[in-house]
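Presented below is the structure to which this report refers.
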Amino acid sequence: EVQLVESGGGLVQPGGSLRLSCVVSGFTFSDHYMDWVRQAPGKGLEWVGRTANKANNYNTEYAASVKGRFTISRDDSKNSLYLQMNSLKTDDTAVYYCARRSKRSSGQRDFDYWGQGTLVTVSS
Amino acid sequence: DIQMTQSPSSLSASVGDRVTITCRASQSITNYLNWYQQKSGKPPNLLIYAVSSLQTGVPSRFSGSGSGTDFTLTISSLQPEDFATYYCQQSSSLPFTFGGGTKVEIK
């Protein structure tokens, strides 16, 4: 059974830092691209960024709203994905989801498994 | 960035109704269009990928169509468990973007 479990959320002051983790099981983690998606309270979904798989040199890409402040990394030996968030702003308050990018022969890109999410609240 | 516009933003329907949600992209995304269902307090769940391919385990009353910039999600006969918010998403180019969501409520 595929599982993704996030942790590390909490309350942080503006300007502060937080590191989220996503531990996965039930599939070969190193084969998959992994993404972070967030959802502000009562709002829609926003893509945050992604890390490629080992075959693609763990390349990372980010949304403009977080570029330069957030860093995505992974440790395939620990089946873990990370999101380091620095210089946090009140607008970063959201539930953060890790999501697995599917591997389809057609090359289609979609998120076929999601974690339950972890809430990050940025407030003084 | 590619903008995704969903309509309507909300709708009220009865069990057994046929429901249609539309999604328009600001430029052609060929067939890189996915649909997700999200229930309150839960993560999104993939329903349809590549415009019309049903994800494993998703009931056949869900279907998708379209190409280029205009897409549709149809629920042929609304069931009680289908009351949720639905999002389209383009995966043609980064940054991946989502529509604003359509909340399907009980009439």
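Protein sequence lines correspond, in order, to chains A and B.
Its first residue numbered 2, the first sequence is counted upward by one per residue in our numbering.
Its first residue numbered 1360, the second sequence is counted upward by one per residue in our numbering.
Ideal Cβ placement from N, Cα and C applies to all residues, glycine included.
Considering only C-alpha positions, which residue in the set the options is nearest to residue i?
i, options, result
"residue 3(A)", "107(A), 18(A), 10(A), 28(A)", "28(A)"
"residue 1361(B)", "1463(B), 1465(B), 1454(B)", "1454(B)"
"residue 1459(B)", "5(A), 82(A), 40(A), 105(A)", "40(A)"
"residue 33(A)", "50(A), 54(A), 6(A)", "54(A)"
"residue 1427(B)", "1412(B), 1440(B), 1391(B), 1374(B)", "1391(B)"
"residue 1406(B)", "1443(B), 1366(B), 1363(B), 1464(B)", "1443(B)"
"residue 1450(B)", "100(A), 84(A), 112(A)", "112(A)"
"residue 1416(B)", "1424(B), 1425(B), 1423(B), 1404(B)", "1404(B)"
"residue 1414(B)", "1400(B), 1395(B), 1430(B)", "1395(B)"
"residue 1429(B)", "1381(B), 1402(B), 1374(B), 1376(B)", "1381(B)"
"residue 1425(B)", "1440(B), 1388(B), 1445(B), 1375(B)", "1388(B)"
Take residue i and list the residues in its own chain whose beta-carbon comes closer than 6 angstroms to its own, dropping the five residues that flank it on each side.
i, result
"residue 89(A)", "13, 17, 123"
"residue 72(A)", "85"
Apart from the five residues just before and just after residue i, which ones in its own chain have a Cβ nearer than 7 angstroms to its Cβ?
i, result
"residue 1372(B)", "1378, 1437, 1463, 1466"
Please return the same chain residues whose Cβ sits closer than 8 angstroms to the Cβ of residue i, not counting the five positions on each side in sequence.
i, result
"residue 94(A)", "41, 42, 121, 122, 123, 124"
"residue 1448(B)", "1363, 1392, 1393, 1394, 1395, 1455, 1456, 1457, 1458"
What residues in the stretch 64-85 of chain A bring their beta carbon closer than 8 angstroms to a beta carbon of chain B? 64, 65
Along the stretch 27-39 of chain A, where does the CB come closer than 7 angstroms to a CB of chain B? Name the residues. none
For the stretch 2-54 of chain A, list the beta strand (DSSP E) runs that are entirely contained and at least 3 residues long, ordered along the chain. 4-8, 11-13, 19-26, 35-40, 46-52
I want to know whether the stretch 1406-1422 of chain B touches the stretch 98-118 of chain A - three or more CB-CB distances under 8 angstroms. yes
Continuous beta strand (DSSP E) assignments of at least 3 residues falling wholly in the stretch 1395-1424 of chain B: 1404-1408
Ordered list of beta strand (DSSP E) runs contained in the stretch 84-125 of chain A, each at least 3 residues: 95-102, 112-115, 119-123
Please confirm if the stretch 19-28 of chain A is in contact with the stretch 78-97 of chain A, defined as three or more CB-CB distances below 8 angstroms between the two stretches. Yes, the stretch 19-28 of chain A touches the stretch 78-97 of chain A.
Which residues of the stretch 1441-1452 of chain B have a Cβ closer than 8 angstroms to any Cβ of chain A? Give them in chain order. Those residues of the stretch 1441-1452 of chain B that come within reach of chain A (Cβ to Cβ, closer than 8 angstroms) are 1446, 1448, 1450.
Using a beta-carbon distance cut-off of less than 9 angstroms, what residues from the stretch 105-123 of chain A approach chain B? 105, 107, 109, 110, 111, 112, 113, 114, 115, 116, 117, 118
Please identify, using Cβ separations under 7 angstroms, the residues of the stretch 1396-1412 of chain B that lie next to chain A, in order along the chain. 1402, 1403, 1405, 1408, 1409
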